[in-house]
Amino acid sequence: MIWNIDSFDQWGVELGKVLARQTAAELASAGAPALAHDSSTNTLMRRYQQLRKESP
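Positions 164 to 219 (this note's numbering) are the ones given, in order, by the sequence shown.
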């Protein structure tokens with residue numbers, strides 16, 4: 164505010180929104196989508212999907 168900088172008007176914030184939408188769609192899908200993230204993120208997403216299938 165002091166330097167007239169809007170912290171929500173930055174390219175990183177917009178990129179984060181795009182990635183979040185993509186990731187949320189992949190996590191919500193019933194099948195096993197082709198994950199195109201880094202290996203750590205892919206592993207976490209697969210683990211989440213596995214746990215989601217196992218829960219009642």
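Just so you know, even glycine gets a beta-carbon here, dropped at the ideal spot from N, CA and C.
Just so you know, these numbers come straight off a predicted model, no measurement behind them.
- Distance between T204 and P219, taken at the CA atoms: about 25 Å.
- In the three-state DSSP reduction, A195 falls in the coil class, being neither helix nor strand.
- The beta carbons of L190 and Q212 sit closer together than 8 Å.
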